[in-house]
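For the sequence shown, the working numbering gives the first residue as 1312, with consecutive numbering after it.
We put the CB at the ideal spot given by N, CA and C, even for glycine.
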Amino acid sequence: MNVLVRNVVRRRIIIPSPIVRTNLGLSSFHKSRLALSDAKKNRPISPHVSIYKFPLPAMSSITHRFTGLGLTAGFLGFGLYSLVAGPASVPILVASIKLQPVLLALSKFLISFPLVYHYLSGLRHLFWDLTGQGLDSLHNINRLTVAMWVTSATIALALSLVSF
(Lines of atoms letter the chains of each structure in order from A and count residues from 1; the text may use other names and numbers.)
(Lines give C-alpha, C1' and ligand atoms only; values in the text may rest on other atoms or scores of the structure.)
Protein backbone atom coordinates (compact mmCIF):
# COMPACT_ATOMS: atom_id res chain seq x y z
CA MET A 1 0.00 0.00 0.00
CA ASN A 2 1.66 3.17 -1.24
CA VAL A 3 -0.56 5.80 0.38
CA LEU A 4 -2.08 5.53 3.82
CA VAL A 5 -4.33 8.37 4.90
CA ARG A 6 -5.84 8.47 8.34
CA ASN A 7 -7.97 11.43 9.39
CA VAL A 8 -7.52 12.64 12.90
CA VAL A 9 -9.95 15.18 14.27
CA ARG A 10 -7.96 17.72 16.20
CA ARG A 11 -9.29 21.15 17.14
CA ARG A 12 -12.34 20.63 14.90
CA ILE A 13 -10.12 20.44 11.84
CA ILE A 14 -9.41 17.23 9.98
CA ILE A 15 -5.66 16.88 9.69
CA PRO A 16 -4.31 14.19 7.38
CA SER A 17 -1.65 11.95 8.84
CA PRO A 18 1.78 11.76 7.21
CA ILE A 19 1.60 10.20 3.78
CA VAL A 20 4.31 7.96 2.39
CA ARG A 21 5.23 9.39 -1.00
CA THR A 22 7.67 8.61 -3.70
CA ASN A 23 8.50 10.99 -6.51
CA LEU A 24 9.11 8.19 -8.99
CA GLY A 25 7.01 8.50 -12.10
CA LEU A 26 5.18 11.71 -11.09
CA SER A 27 4.56 14.47 -13.57
CA SER A 28 5.64 18.03 -12.84
CA PHE A 29 2.00 18.90 -12.11
CA HIS A 30 1.75 16.22 -9.43
CA LYS A 31 5.13 17.25 -7.99
CA SER A 32 3.92 20.85 -7.65
CA ARG A 33 0.69 19.62 -6.00
CA LEU A 34 2.77 17.62 -3.50
CA ALA A 35 4.90 20.70 -2.78
CA LEU A 36 1.75 22.75 -2.17
CA SER A 37 0.30 20.17 0.21
CA ASP A 38 3.60 20.04 2.10
CA ALA A 39 3.61 23.84 2.36
CA LYS A 40 0.04 23.80 3.73
CA LYS A 41 1.12 21.58 6.61
CA ASN A 42 3.22 24.39 8.05
CA ARG A 43 0.37 26.91 8.10
CA PRO A 44 -1.11 27.95 11.44
CA ILE A 45 -4.46 26.48 12.43
CA SER A 46 -7.37 28.85 11.89
CA PRO A 47 -9.04 30.15 15.07
CA HIS A 48 -12.60 29.18 15.89
CA VAL A 49 -15.49 31.10 14.35
CA SER A 50 -16.48 32.52 17.75
CA ILE A 51 -13.70 35.12 17.73
CA TYR A 52 -14.90 36.74 14.51
CA LYS A 53 -17.36 39.63 14.44
CA PHE A 54 -20.01 38.86 11.86
CA PRO A 55 -21.18 41.71 9.63
CA LEU A 56 -24.81 42.77 9.91
CA PRO A 57 -25.90 41.12 6.64
CA ALA A 58 -24.52 37.79 7.87
CA MET A 59 -26.35 38.17 11.17
CA SER A 60 -29.52 38.98 9.23
CA SER A 61 -29.12 35.87 7.10
CA ILE A 62 -28.53 33.69 10.17
CA THR A 63 -31.57 35.22 11.89
CA HIS A 64 -33.67 34.59 8.77
CA ARG A 65 -32.66 30.92 8.78
CA PHE A 66 -33.28 30.49 12.50
CA THR A 67 -36.70 32.15 12.31
CA GLY A 68 -37.60 29.82 9.45
CA LEU A 69 -36.47 26.80 11.47
CA GLY A 70 -38.30 28.07 14.55
CA LEU A 71 -41.53 28.62 12.64
CA THR A 72 -41.30 25.17 11.11
CA ALA A 73 -40.58 23.51 14.45
CA GLY A 74 -43.31 25.49 16.22
CA PHE A 75 -46.05 24.79 13.72
CA LEU A 76 -44.97 21.16 13.37
CA GLY A 77 -44.97 20.74 17.17
CA PHE A 78 -48.34 22.39 17.52
CA GLY A 79 -49.75 20.23 14.73
CA LEU A 80 -48.35 17.06 16.27
CA TYR A 81 -49.78 18.08 19.64
CA SER A 82 -53.16 18.50 17.99
CA LEU A 83 -52.90 15.09 16.35
CA VAL A 84 -51.81 13.27 19.49
CA ALA A 85 -54.04 15.01 22.05
CA GLY A 86 -57.00 15.45 19.74
CA PRO A 87 -58.56 18.55 18.20
CA ALA A 88 -60.50 19.36 21.38
CA SER A 89 -57.23 19.91 23.27
CA VAL A 90 -56.20 22.98 21.23
CA PRO A 91 -58.90 25.32 22.65
CA ILE A 92 -58.05 24.06 26.14
CA LEU A 93 -54.38 24.89 25.59
CA VAL A 94 -55.21 28.36 24.26
CA ALA A 95 -57.57 29.00 27.19
CA SER A 96 -54.88 27.99 29.70
CA ILE A 97 -52.40 30.39 28.06
CA LYS A 98 -54.98 33.21 28.15
CA LEU A 99 -55.31 32.83 31.94
CA GLN A 100 -51.78 34.16 32.44
CA PRO A 101 -51.31 37.61 30.82
CA VAL A 102 -47.51 37.51 30.87
CA LEU A 103 -47.45 34.09 29.26
CA LEU A 104 -50.01 35.25 26.70
CA ALA A 105 -47.96 38.30 25.66
CA LEU A 106 -44.76 36.23 25.57
CA SER A 107 -46.43 33.52 23.48
CA LYS A 108 -47.76 36.09 21.05
CA PHE A 109 -44.32 37.70 20.72
CA LEU A 110 -42.59 34.34 20.25
CA ILE A 111 -44.98 33.57 17.40
CA SER A 112 -45.22 37.03 15.83
CA PHE A 113 -41.53 38.05 15.78
CA PRO A 114 -40.26 35.08 13.72
CA LEU A 115 -43.26 35.35 11.42
CA VAL A 116 -42.86 39.11 10.83
CA TYR A 117 -39.06 38.99 10.57
CA HIS A 118 -39.04 36.05 8.18
CA TYR A 119 -41.71 37.71 6.02
CA LEU A 120 -39.93 41.09 5.89
CA SER A 121 -36.59 39.44 5.20
CA GLY A 122 -38.14 37.48 2.34
CA LEU A 123 -39.62 40.68 0.92
CA ARG A 124 -36.23 42.39 1.16
CA HIS A 125 -34.56 39.58 -0.78
CA LEU A 126 -37.35 39.57 -3.36
CA PHE A 127 -36.88 43.34 -3.79
CA TRP A 128 -33.12 42.88 -4.19
CA ASP A 129 -33.59 40.06 -6.69
CA LEU A 130 -36.07 41.98 -8.82
CA THR A 131 -34.52 45.45 -8.77
CA GLY A 132 -30.95 45.20 -7.47
CA GLN A 133 -31.41 48.52 -5.69
CA GLY A 134 -29.84 49.05 -2.29
CA LEU A 135 -26.93 46.71 -2.97
CA ASP A 136 -24.54 49.48 -4.03
CA SER A 137 -22.83 49.90 -0.66
CA LEU A 138 -22.45 48.05 2.61
CA HIS A 139 -23.67 51.15 4.43
CA ASN A 140 -27.06 50.94 2.67
CA ILE A 141 -27.33 47.23 3.37
CA ASN A 142 -26.53 47.77 7.06
CA ARG A 143 -29.11 50.56 7.33
CA LEU A 144 -31.78 48.37 5.73
CA THR A 145 -30.87 45.46 8.00
CA VAL A 146 -31.16 47.55 11.17
CA ALA A 147 -34.42 49.07 9.91
CA MET A 148 -35.78 45.58 9.26
CA TRP A 149 -34.87 44.38 12.79
CA VAL A 150 -36.42 47.46 14.41
CA THR A 151 -39.55 47.25 12.26
CA SER A 152 -39.94 43.53 12.96
CA ALA A 153 -39.55 44.01 16.70
CA THR A 154 -41.97 46.94 16.72
CA ILE A 155 -44.65 45.12 14.73
CA ALA A 156 -44.20 41.95 16.80
CA LEU A 157 -44.42 43.91 20.06
CA ALA A 158 -47.57 45.68 18.85
CA LEU A 159 -49.12 42.36 17.84
CA SER A 160 -48.24 40.75 21.17
CA LEU A 161 -49.87 43.55 23.17
CA VAL A 162 -53.09 43.65 21.13
CA SER A 163 -55.88 41.55 22.55
CA PHE A 164 -58.18 39.74 20.19
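- A direct Cα-to-Cα measurement between glycine 1385 and alanine 1396 gives close to 16 Å.
- Excluding the 5 residues flanking it on each side, leucine 1414 has same chain C-beta neighbours closer than 7 Å at Ile1408, in chain order.
- The segment 1426 to 1441 makes contact with the segment 1369 to 1387; the number of CB pairs closer than 8 Å reaches 3 or more.
- The C-alpha of valine 1401 is placed about 15 Å away from the C-alpha of serine 1418.
- For glycine 1445, the secondary structure class from DSSP, reduced to helix, strand or coil, is coil.
- With distances taken between CA atoms, arginine 1435 lies nearest to Trp1460 out of Phe1420, Trp1460 and Ala1416.
- In the three-state reduction of the DSSP assignment, glycine 1381 falls in the helix class.
- Taking the Cα of valine 1473 as reference, the smallest distance to any Cα among Gly1433, Ala1416, Ser1432 and Leu1455 is reached at Ala1416.
- Buried is the label assigned to threonine 1456, since at least 16 other Cβ atoms lie within 10 Å of its Cβ.
- For serine 1432, the CB contacts under 6 Å within the same chain, skipping 5 residues up- and downstream, are His1375 in chain order.
- Valine 1473 sits in coil when the DSSP states are folded into three classes, being neither helix nor strand.
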